[in-house]
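Taking it in order: structure first as structure tokens, then the write-up.
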Amino acid sequence: MREFWLGVRSLIAGFGWWRVNPAVMAAGLVPALIVAVLLGVGLGFLAFALDDIVSWATPWTDGWAAWLAVVVQIAIGVGIFAGALVIAIFTFTALTLMVGEPFYDRIWQSVEQSRAGRVPDSNYSLWGAIGDSIVLILKGIGIAILAAVCGLIPLIGGFVGATLGVLLSGWVLADEHTSRALTARGIEPRDRAELLRQNRGRVLGFGAATSALFLVPLGAIITMPAAVAGSTQLVQDLLGETVDHR
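My numbering runs 105 ahead of the 1-based position in the sequence shown.
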């Protein structure tokens with residue numbers, strides 16, 4: 106658990122970057138706000154129509170006992186919305202990182218220069234960001250389906266689906282957020298995956314905290330710049346490069 110909480114502290118340290126470079130961090134709120142508003146509208150429409158969707162999807166419960174039909178319909182509704190939330194988290198991250206690439210690149214450079222004394226030669230291009238975004242959304246869909254299926258479990262389905270969704274999405278989000286700093290150092294995807302596996306507790310702590318905050322109203326907007334700054338610090342710590350020059 107110690108490693109897990111160290112990962113959480115990396116995200117907290119990312120929020121602390123507001124004290125170091127508030128202008129750069131504030132700029133990172135802009136793309137996050139735009140994407141969050143669009144996705145929030147979509148989730149609002151889904152919540153409004155959820156009863157009709159569940160009724161349409163469960164005609165086979167019409168002849169059941171009323172209480173059993175209600176339990177099943179609630180479980181399905183929870184599963185659908187939990188899956189939609191997971192997809193929204195991944196879509197938000199993918200679109201925000203892609204749209205806000207110039208803003209988040211400046212945050213990354215600020216952290217690298219201040220803490221490590223240099224900015225690695227970045228090989229992280231816009232096309233690379235687009236490719237990563239597509240892969241991220243596809244992973245999100247897979248996790249959303251799994252979370253939705255778990256949501257069908259009577260009584261505990263909502264809790265199981267939500268918990269599994271946060272943990273799995275946390276790992277994938279941590280992988281995505283650390284990719285910029287690791288790619289800039291010339292670390293290949295296979296070696297990158299191995300590094301994260303060797304430090305899975307810390308990586309999961311960072312990712313799960315990020316994923317959980319994304320579920321809080323307005324949390325995704327506020328957390329996004331901190332996640333970029335925190336993931337850069339996480340990479341520096343994992344590689345033993347931390348030399349704070351502030």
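Think of the CB as a built atom: it goes at the ideal place given N, C-alpha and C, for glycine as much as any other residue. Remember, it's a predicted structure, so these values are computed and weren't measured experimentally.
In the structure shown, what three-state DSSP assignment does residue i receive?
i    : result
P330 : helix
T166 : helix
G133 : coil
V308 : helix
V224 : coil
L344 : coil
R124 : helix
V216 : helix
Q338 : helix
I292 : coil
M203 : helix
I181 : helix
V321 : coil
I258 : coil
H350 : In this predicted model, H350 has a pLDDT of only 48, less than 50, meaning its place in the structure is not dependable enough to derive any value.
M106 : coil
Buried or exposed for residue i, please, with buried defined as at least 16 other CB atoms from any protein chain shown within 10 angstroms of its CB.
i    : result
Q338 : buried
V129 : buried
M106 : exposed
V142 : exposed
R220 : buried
I292 : buried
D226 : exposed
W161 : exposed
H350 : The predicted model places H350 with a pLDDT of 48, which falls under 50 and marks its position as unreliable; any figure quoted below should be read in that light. By the 10 Å Cβ count, H350 comes out exposed.
F319 : buried
E206 : buried
S222 : According to the sequence displayed, residue 222 carries Gly and not Ser. Counting Cβ neighbours within 10 Å, G222 comes out exposed, since fewer than 16 surround it.
I212 : buried
G168 : exposed
A193 : buried
Enumerate in chain order the residues of its own chain whose CB-to-CB distance from residue i is below 6 Å, with the five nearest sequence positions on each side excluded.
i    : result
E281 : L241
A137 : T201, I326, M329
V224 : Q214, E217, Q218
A132 : F208
Take residue i and list the residues in its own chain whose beta-carbon comes closer than 7 Å to its own, dropping the five residues that flank it on each side.
i    : result
I235 : M203
L116 : F311, A314, T315, A331, A332, G335
L343 : L300, N304
V216 : W122, A334, T337, Q338
V191 : G245, I248, A249, A252, G270, S274
V340 : T283, A286, L287
R290 : P225
L90  : Nothing can be reported for residue 90: it is not among the residues displayed for the chain, which extend from 106 to 351.
Quick one: is residue i near chain C, going by C-beta distance under 8 Å?
i    : result
P330 : Among the protein chains of the structure shown there is no chain C, as only one such chain exists.
With a CB to CB cut of under 8 Å and the five nearest residues on each side skipped, what residues in its chain are close to residue i?
i    : result
A189 : L148, L151, A249
L173 : T166
D237 : A199, L202, E281, S284
A118 : A334, G335, Q338
Below 7 Å, is the gap between the Cβ of residue i and the nearest heavy atom of the ligand SAH?
i    : result
I246 : Because no ligand of any kind appears in the structure shown, any question about the ligand SAH cannot be addressed here.
Three or more C-beta pairs under 8 Å: does that hold for the segment 184-198 against the segment 245-255?
yes
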